[in-house]
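Chains as they are written, first to last, in full-length UniProt numbering: chain A, 1 to 627; chain B, 1 to 627.
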């Protein structure tokens, strides 16, 4: 039943197909106060003169110019003062020959008068005006329409409305203006397991929060569209069909992001085929291969996005956002792309265009370095590790280190982090980073952190424990933290040390092998083995769960808190913070070390200062000491 | 009573004083859907694991890894199929030794199982599962917390929220987030003569629409503040005082823009002195000398802006917007400044910093040229002629032609026009420009247009009439238009030609001397004089109002329409459009000529195409013909 699309479309064909969709919405009227950032839909001609009257442009006296002929300092003239005219009032006086009327800046020239003598060249004496200077017709008078004349072209169609255009429109008295309509973009979520943020989540039933709908909605808004989220239909396919029809009727474009359920995809297919036309299925790009493009009903277009968050945002940014911007009449912001050079060599040979998510970092000389992230992991965290996308064409086999590439940022508002750190997960570090200027920290563990520092991408690595390594690095500062075994609040199993863990059946939760805390535990186990005359392997075998490995410093403690484990590897600080018991096994140093080429980078210098000046942070945490 | 501020403050001192004002608003909670563009006020740590359960990452079968030991293509194993688990549902099956459960991507791993065999490596046979591949514990399983672990640092304070951050926040289930509050900025308008756009205007009473309030409100919004417009108090000073108190209580900052009334300024002075502190009065900048900075009440700051629209926006952009952005935590957008080179030499020697409004244009080689506009005219139209401001320091005597300057744009959204045209005002031209890409056209008249073209700033000039000139220019296209005398609909005075105007007392309205239409009229008068054997001067003396000069092509006709004049100089098209009578005096050519260095500029080529291809525009207008 499905149409056959044997060949994947090229990215260029996909762009053309999407550009051919009719998204352009009707012109709409918006209030002047909401017009900023919109695009004027029509030419605005002035319907009135500005000013609408002959206006005094100085404080002084309205006169007939002819009456002042010959007046000068040596030989002043006298005129009879017949009244005054203030700004914002209608003159109730006429200037007959031989008379003058006091007038303030902005006031209407009274009948008869054709010039203003500025106040500095006059004197009032006995109710008369003494004039010390002759004026010509029109002196200090701004005739009606001087600023904007009725009938004149004021602003053209396609003009982006910024504060200054708001000013001109106000001058014309307009309180609403015709602007390009913003395309309405429906977002349909199709996963049975998805729950809206803010609602209760049942993880035991496999529920997760809906990430793509909100990310894409924000992207739609940023591109000048109006996002409309539809409630999700769960596994009710009739309801899903109904929602798609509803969205097709209400929106200029409908987006959905990849469902894990093949049946859901079938429903979408069927609706697109029955109510519109499937234009394209499958594009030769990675990610995004299964991308679907079609029409839906009379007036709507449909684009199906991949399911992984970074992939969905990548495809949205590359193919969909430009179409929304076009429909809204908005230019691509200048800050939407950035040039940089590859920090590492990256091979690629899949024969289709790769949209490579990348992170950015600035090197010591201020150059932007680009490095690949998220190789298809699907992790949500990659969303904030990746700054944008590099499009690598199908015939490119590799990108050399140092090669210049263009990065399309995920948002024109994305700025590269000022500091890129990698390494151990630590609560004191997390607090320090609150004061660092725009940091990005990837908690990949001490071992992986050092490896990455050696590869030259990050500015700094954070290493816990005794880390003899051959990585060339400059120490910026250090502290110590107390580590050990986290147990329930009242320590029901009376764990007193590592030996108790080995000798019991207690369920233990370890950290991952990159963690400096796990390395420290391994060292302690080895020492205990030597003391007992056993092998390290024998001891490890006695610990139920030693091979488990959770990624974050609080995770084992949280497993204890929830009753999923009896003992967890962790920090005194964590145990205290969560109200759990703690059995100390020692102290370990945590060191912050920098790439030697980056020590003069401003953010690195700032981090060094922070480390030298943050005793209060360490004092506020249990088991911590600054060194 | 006023404090004496004998010396004007330096611009640096003004910046410091404004920076010292306490504008930073409290943290506020906003819905996730409104969070884009805001600045995170606090660190967000994950409160939960993502995913919150051990998750199958492929479609297949959940098994105990140990049970698959030794399985391969040649020697498959069989397991008993005991059920299935779908994404979004709680497993109702336990995987005992020797059994397997079907599982879909995203589903919860059932109790007992610790790995997934992907569907491609299995076969179902008689209700049993045939496994062709051994798996290790954890294969195709994403453990709880792999993506984000509870307790991990997710986002730091100061993070700008873009779509990707929205994604991470959704993953954490947050439907509202703490963001830096946006400073509330009150705008008080003080002119007696000001009327809000959309309301009725009484020009005869000297009323004009309020320009600054709306311009500044849009600027406040753009800088990340929340503008709050207060109704204006007219000339009721008690009411003005009351409004200032109200605004001081409700806002973080109160702005007003210069009133023409000295009394209004006095009221503001008094309120600032009584309820706060006057910190600064007068800054050594042009414009903006009388700028006022102070505190107002307990919590608000006050800044008084100049009255002319371009001056108000200049001072706002230079001194106030940075303070609002700081308070909102927003960085200065990268597009807020642009480099260019001076198109003309500009002298300046006033001994104080000049904030010079400038326009931008691109030359033939793509370089940005900068030229001064609005030398204190106060015209609202200057708002859309000026793109930004160049700060010229007090000790700079002149800027040389070609000198590089930095322009602070009036808005980060301002882009230089792609086409800069100057010259004659014409309705056909106005329609053509609707199709030109981002044009700016200054209707300065034919004569002034040619002068500016010679000076090298604009791309094109539009010249009406017989224009022998020594300006080196390339003609892009031309048309003719019928011109003559516009009279009331029924031509009550039976005007048949120029002679009737000379011989009558009819009130005539002319165009300005830069207009090609006026030059044409002058030529016709000279011809008539010769015919009659009189001097040109004698004929002109006979025309009541010959020396008047309105700026726009419709203005004289509108004067006739309103009864302010009996005859106006104009076009047949205008007379027809306004339903007036018309007495033809001839046809005149209108030519579009380009700067020879700009003919290859894309916008100029586009204009040439438009001229060649717009017969429909000329046909739709009365008395027009394309050439």
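We treat Cβ as the ideally placed atom computed from N, Cα and C, and that holds for glycine.
Exercise. Which partner residues does residue 295 of chain A have in the DSSP bridge list?
Worked result: Counting from 1 along the first chain, the entry for residue 295 of chain A is found at position 295. In DSSP, residue 295 of chain A forms a bridge with A:277, A:301.
For this session: Could you spell out the range, first to last residue, of the beta strand (DSSP E) harbouring residue 582 of chain B?
Result: By 1-based counting over the second chain, the position of residue 582 of chain B is 582. Unbroken beta strand (DSSP E) run through residue 582 of chain B: 581-594.
Exercise. Per the contact definition of three or more C-beta pairs closer than 8 Å, is the region 114-126 of chain B in contact with the region 501-520 of chain A?
Worked result: no
Exercise. Hey, is the region 438-445 of chain B in contact with the region 344-352 of chain B, meaning 3+ C-beta pairs nearer than 8 Å?
Worked result: no
Problem set entry | the region 163-175 of chain A contacting the region 305-313 of chain B, beta-carbon criterion three pairs below 8 Å | yes
For this session: Kindly indicate which three-state DSSP category residue 127 of chain A falls into: helix, strand or coil?
Result: For this step, residue 127 of chain A is matched to residue 127 along the first chain. Here residue 127 of chain A sits in coil by DSSP.
Problem set entry | Distance between residue 225 of chain B and residue 448 of chain B (C-alpha atoms, nearest Å) | One-based indexing of the second chain puts residue 448 of chain B at position 448. One-based indexing of the second chain puts residue 225 of chain B at position 225. Rounded to the nearest angstrom, the gap between the Cα atoms of residue 448 of chain B and residue 225 of chain B is 42 Å.
Problem set entry | Check whether residue 131 of chain B and residue 77 of chain B have beta carbons under 9 Å apart | For the purposes of this step, residue 131 of chain B is identified with residue 131 of the second chain, where counting begins at 1. For the purposes of this step, residue 77 of chain B is identified with residue 77 of the second chain, where counting begins at 1. In this structure, residue 77 of chain B lies closer than 9 Å to residue 131 of chain B by Cβ.
Problem set entry | Where residue 359 of chain B falls: helix, strand or coil (DSSP) | On the second chain, position 359 is the one that residue 359 of chain B refers to. Three-state DSSP puts residue 359 of chain B in a strand.
For this session: With 7 Å as the C-beta to C-beta threshold (strictly closer), list the residues of the region 285-300 of chain A near chain B in chain order.
Result: If the cut-off is 7 Å between Cβ atoms, the region 285-300 of chain A has nothing near chain B.
Exercise. Can you check whether the CB of residue 110 of chain A is closer than 9 Å to the CB of residue 93 of chain A?
Worked result: For the purposes of this step, residue 93 of chain A is taken as the residue at position 93 of the first chain. For the purposes of this step, residue 110 of chain A is taken as the residue at position 110 of the first chain. Taking 9 Å as the Cβ cut-off, residue 93 of chain A and residue 110 of chain A qualify as a contacting pair.
For this session: Taking only the alpha-carbon atoms, compute the straight-line gap between residue 609 of chain B and residue 22 of chain A and give it to the nearest angstrom.
Result: Here the question's residue 609 of chain B lines up with position 609 in the second chain. Here the question's residue 22 of chain A lines up with position 22 in the first chain. Each residue's alpha carbon lies about 27 Å from the other.
For this session: Hey, could you find the ends of the alpha helix (DSSP H) residue 321 of chain B is sitting in?
Result: Working through the second chain from its first residue, we reach residue 321 of chain B at position 321. 321-328 is the extent of the alpha helix (DSSP H) around residue 321 of chain B.
Exercise. Do residue 462 of chain A and residue 424 of chain A come within 9 Å of each other at the CB atom, strictly closer than that value?
Worked result: Taking the first residue of the first chain as 1, we reach residue 424 of chain A at position 424. Taking the first residue of the first chain as 1, we reach residue 462 of chain A at position 462. Yes. Within cutoff.
Problem set entry | Residues, ordered as in the chain, of the region 408-421 of chain B that lie near chain A by beta-carbon distance below 8 Å | From the region 408-421 of chain B, only 410, 411, 413, 414, 415 have a Cβ closer than 8 Å to chain A.
Problem set entry | Rounded Cβ spacing between residue 60 of chain A and residue 119 of chain A (contact assumed at less than 8 Å) | Start at 1 with the first residue of the first chain, and residue 60 of chain A comes out as number 60. Start at 1 with the first residue of the first chain, and residue 119 of chain A comes out as number 119. Indeed, because the Cβ distance is near 5 Å, the residues count as touching under 8 Å.
Exercise. Between residue 464 of chain A and residue 595 of chain A, is the Cβ-Cβ spacing less than 9 Å?
Worked result: Against the first chain, residue 464 of chain A aligns to sequence position 464. Against the first chain, residue 595 of chain A aligns to sequence position 595. Cβ atoms of residue 464 of chain A and residue 595 of chain A: not closer than 9 Å.
Problem set entry | Buried versus exposed call for residue 69 of chain A [16 or more other C-beta atoms within 10 Å across all chains shown] | On the first chain, position 69 is the one that residue 69 of chain A refers to. The residue in question, residue 69 of chain A, is exposed, as its Cβ has fewer than 16 Cβ neighbours within 10 Å.
Exercise. Are the region 570-581 of chain B and the region 546-558 of chain B in contact at 8 Å, needing three or more beta carbon pairs?
Worked result: yes
Problem set entry | Interface residues of the region 376-397 of chain A facing chain B [CB-CB below 7 Å] | 379, 380, 381, 383, 384
For this session: Give the range of the alpha helix (DSSP H) segment to which residue 628 of chain A is assigned.
Result: Any question about residue 628 of chain A goes unanswered here, given that chain A covers just 1 to 627.
Exercise. Just the Cα atoms here: how many angstroms apart are residue 209 of chain B and residue 90 of chain A?
Worked result: Against the second chain, residue 209 of chain B aligns to sequence position 209. Against the first chain, residue 90 of chain A aligns to sequence position 90. Each residue's alpha carbon lies about 16 Å from the other.
Exercise. How should residue 64 of chain B be labelled, buried or exposed, when 16 other C-beta atoms within 10 angstroms of its C-beta is the threshold for buried?
Worked result: Residue numbering aside, residue 64 of chain B sits at position 64 when the second chain is read from its first letter. Classification of residue 64 of chain B: buried, given that the 10 Å Cβ count is 16 or more.
Exercise. On the three-pair Cβ rule with 8 Å, is the region 246-260 of chain B touching the region 180-197 of chain B?
Worked result: yes
For this session: List the residues of chain B that residue 430 of chain A touches, going by C-beta distances under 8 Å, in chain order.
Result: Here residue 430 of chain A is taken as the residue at index 430 of the first chain, counted from 1. By Cβ distance, chain B contributes 43, 45, 153.
Exercise. At which residue ranges does the region 34-89 of chain B contain complete beta strand (DSSP E) runs of 3 or more residues, listed in the order of the chain?
Worked result: 60-63, 77-85
Problem set entry | Backbone secondary structure at residue 346 of chain B - three-state DSSP | As a first step, residue 346 of chain B must be located in the second chain, where it is residue number 346. DSSP places residue 346 of chain B in strand when its eight states are reduced to three.
For this session: With 9 Å as the C-beta to C-beta threshold (strictly closer), list the residues of the region 158-185 of chain B near chain A in chain order.
Result: 158, 159, 160, 161, 162, 163, 164, 165, 166, 167, 168, 169, 170, 171, 172, 173, 174, 175, 176
Exercise. Which ranges would you report for the alpha helix (DSSP H) in the region 158-217 of chain A if only whole runs of at least 4 residues count?
Worked result: 163-171
Exercise. So what's residue 142 of chain B in DSSP terms, helix, strand or just coil?
Worked result: To locate residue 142 of chain B, count along the second chain from 1; it is residue 142. Residue 142 of chain B: strand per DSSP, three-state reduction.
For this session: Taking residue 304 of chain A as the reference, give the member of A:620, A:323, A:265 with the closest Cα.
Result: Indexing the first chain from 1 puts residue 304 of chain A at position 304. Ranking the options by Cα distance to residue 304 of chain A, first place goes to A:265.
Exercise. If you measure beta-carbon to beta-carbon, which residues of the region 536-556 of chain A are closer than 8 Å to chain B?
Worked result: 550, 551, 552, 553, 554, 555
For this session: State the Cα-Cα distance for the pair residue 583 of chain A and residue 626 of chain A, rounded to the nearest angstrom.
Result: What you label residue 583 of chain A is simply residue 583 of the first chain in a count that begins at 1. What you label residue 626 of chain A is simply residue 626 of the first chain in a count that begins at 1. Each residue's Cα considered, the two are about 22 Å apart.
Problem set entry | Contacts that residue 334 of chain B makes with chain A (C-beta to C-beta distance below 7 Å) | Indexing the second chain from 1 puts residue 334 of chain B at position 334. By Cβ distance, chain A contributes 335.
Problem set entry | Unbroken beta strand (DSSP E) run spanning residue 626 of chain B, endpoints | Start at 1 with the first residue of the second chain, and residue 626 of chain B comes out as number 626. 624-626 is the span of the beta strand (DSSP E), which, as asked, contains residue 626 of chain B.
Problem set entry | Buried/exposed call for residue 281 of chain B, threshold 16 Cβ in 10 Å | Within the second chain, numbered from 1, the residue matching residue 281 of chain B stands at position 281. Result: buried.
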